[in-house]
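There are 2 protein chains.
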Amino acid sequence: MKSIPKAVANRLSLYLRLLERLHGNGVLTISSRAASETLGLSDAQVRRDLAYFGTFGQSGIGYLVEELLGKVRAILGTDRAWPVALVGYGNLGRALMAYAEFPHRSFHIAAVFDSDKAKVGRSARQLKVQSASRLFTRVKQLRIPLAILAVPADAAQNVAWRLARAGVRGILNFAPVRLQLPKRVFVSNIDFTVSLEQLSFHIRHTKRKS
Amino acid sequence: MKSIPKAVANRLSLYLRLLERLHGNGVLTISSRAASETLGLSDAQVRRDLAYFGTFGQSGIGYLVEELLGKVRAILGTDRAWPVALVGYGNLGRALMAYAEFPHRSFHIAAVFDSDKAKVGRSARQLKVQSASRLFTRVKQLRIPLAILAVPADAAQNVAWRLARAGVRGILNFAPVRLQLPKRVFVSNIDFTVSLEQLSFHIRHTKRKS
DNA sequence: AATTGTGAATCTCTTCACAGCA
DNA sequence: TGCTGTGAAGAGATTCACAATT
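Taken in order, these protein sequences are the chains called A and B. Be aware that the first sequence starts at 3, since it is given in the numbering used here, and climbs by one per residue. Be aware that the second sequence starts at 3, since it is given in the numbering used here, and climbs by one per residue.
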């Protein structure tokens with residue numbers, strides 16, 4: 003099997019969102035043309051992307067929404083539930099704990115940790131915030147594969163190492179630092195200021211309308 | 003002037019972070035080789051990227067950190083202060099309000115809005131949360147160029163339109179929807195579940211170590 | 001008639017490799 | 001010698017365009 007281009011992987015979530023919406027609306031089939039218009043891509047690109055995962059389109063008709071949905075879910079790995087460890091229960095951690103989209107999309111917070119004694123023991127939904135000292139043991143014991151890192155920048159690398167040693171395979175990192183980790187651990191970075199900088203860059207480099 | 007490739011724009015924030023750290027540590031020069039190792043890029047790429055903005059490296063020495071820092075800041079547009087409107091004062095909105103990195107990086111929240119009457123009037127730092135009905139007028143009056151959208155998915159498109167009409171040039175969107183806007187308005191999307199899906203995808207498609 | 005899947009062409013990005021500079 | 005800046009080559013991603021399919 004050809005390996006999947008990075009660019010394609012980044013678009014899969016896009017397809018998933020579209021297909022879930024269509025399925026929810028009872029739409030049975032979708033053509034590459036129709037999908038491409040909704041998503042702002044080209045029709046050829048949609049076909050090329052989907053072709054990486056097999057050939058399940060139907061000439062003259064398009065793709066069966068339900069079948070394709072199952073396929074994309076399987077490809078993304080969201081056809082099963084993923085327990086996630088949340089580390090850091092500050093402002094951001096609390097917002098993530100309350101984030102309603104996660105449970106609807108196969109990710110559920112299975113444990114919450116914080117190093118601040120004042121926060122430990124506090125109830126977050128049905129969970130209690132646990133001391134960060136128990137992080138390694140608990141994550142390993144529960145075999146939690148994913149973690150969300152919502153701790154201050156200067157604590158991030160240390161926590162990341164402990165998570166990696168505890169067997170975590172992927173980390174969603176909100177701290178504005180580049181984590182150094184063994185390559186079996188994948189990292190997705192979300193950095194709010196980087197995103198704002200992209201906006202200021204584009205504004206600065208575009209002709210003003212007025 | 004050649005137009006700047008998208009891929010380069012995305013790396014500028016990376017360079018900015020590195021240069022700020024070096025400058026803080028009193029480092030005077032940096033070679034493309036040294037920079038590339040820290041950042042996990044190739045040395046040729048660093049040189050190529052920087053060359054888009056002029057030629058200010060020095061043969062045999064490298065780049066002057068302070069000069070390059072100023073240059074990168076100017077390119078990204080973070081050499082001046084950017085007022086930002088925050089729309090949505092729920093869990094995420096409060097976390098963003100408290101986010102300490104923004105003020106250090108030329109972005110400051112200049113106004114906060116929420117449609118929930120119970121939240122209006124509440125104090126967020128030195129600001130009072132304002133009614134969303136005043137959004138258009140206030141944003142226009144204050145000429146706020148950037149907005150952070152931290153509202154529920156079903157309200158996002160409507161708020162985005164009002165922001166666009168009020169003259170906003172860039173929107174950082176946290177709602178899991180694709181905003182339709184005039185193309186003079188740039189959008190950066192941050193979608194937590196998309197990032198988690200990228201992790202599950204990579205884990206699913208990688209040989210397990212054990 | 002409508003639509004897929006894909007070779008070939010094109011466009012974009014990255015790396016190689018080296019002349020030229022301090 | 002150590003390093004930049006860049007032309008040329010290479011790799012990767014996108015689009016074109018059309019034979020094959022229902």
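The beta-carbon is built from N, C-alpha and C at its ideal position, and this holds for glycine as well.
Whole-angstrom C-beta distance between residue j and residue i, which should lie under 8 Å
| i | j | result |
| --- | --- | --- |
| L148(A) | V189(A) | At roughly 11 Å, the Cβ-Cβ gap does not stay under 8 Å, so L148(A) and V189(A) are not in contact. |
| F203(A) | G79(B) | 6 Å |
| L201(B) | G172(A) | 3 Å |
Residue i to residue j span [Cα, whole Å]
| i | j | result |
| --- | --- | --- |
| V114(B) | A168(B) | 15 Å |
| H25(B) | V48(A) | 45 Å |
| L41(A) | L30(B) | 46 Å |
| Y65(B) | I32(B) | 5 Å |
| N12(A) | G62(B) | 40 Å |
| H207(B) | S5(A) | 9 Å |
| I150(A) | S125(B) | 29 Å |
| G90(A) | G59(A) | 44 Å |
| S135(A) | S117(A) | 7 Å |
| T195(A) | L144(B) | 22 Å |
| L94(B) | L70(B) | 35 Å |
| V153(B) | E68(B) | 39 Å |
| F109(A) | A83(A) | 6 Å |
| Q182(A) | A102(B) | 23 Å |
| L52(B) | Y17(B) | 9 Å |
| G123(B) | Q132(B) | 6 Å |
| V179(B) | G28(B) | 44 Å |
| A162(A) | K8(B) | 30 Å |
| I146(B) | L129(B) | 15 Å |
| A100(A) | D45(A) | 37 Å |
| S15(A) | E199(B) | 7 Å |
| P184(B) | F138(B) | 17 Å |
| A37(A) | R35(B) | 44 Å |
| R210(B) | A120(B) | Residue placement at R210(B) is poorly supported in this model, since its pLDDT is 48, which falls under 50; the coordinates are not used for a value here. |
| A166(A) | K142(A) | 10 Å |
| I111(A) | L88(A) | 7 Å |
Beta-ladder partner(s) of residue i, from DSSP
| i | result |
| --- | --- |
| A126(B) | L129(B) |
| V187(B) | Answer by DSSP bridge pairing: none, since V187(B) is not bridged. |
| I32(B) | Y65(B) |
| W84(B) | F109(B) |
Helix, strand or coil at residue i [DSSP, three-state]
| i | result |
| --- | --- |
| L21(A) | helix |
| V67(B) | helix |
| A1(A) | Residue 1(A) falls outside the range modelled here, since chain A spans only 3 to 212, and no answer is possible. |
| N27(B) | coil |
| S5(B) | coil |
| V170(B) | coil |
| V179(A) | coil |
| G72(B) | helix |
| F138(A) | helix |
| F194(B) | helix |
| I205(A) | helix |
| V48(B) | helix |
| S212(A) | The predicted model places S212(A) with a pLDDT of 30, which falls under 50 and marks its position as unreliable; any figure quoted below should be read in that light. S212(A) falls in the coil class under three-state DSSP. |
| G56(A) | coil |
| L144(B) | coil |
| L165(A) | helix |
| L14(A) | helix |
| Q200(B) | helix |
| L41(A) | helix |
- Item | 4-residue-minimum alpha helix (DSSP H) runs that sit fully inside the segment 86-123 of chain A, ordered along the chain | Qualifying alpha helix (DSSP H) stretches, in chain order: 93-99, 103-106.
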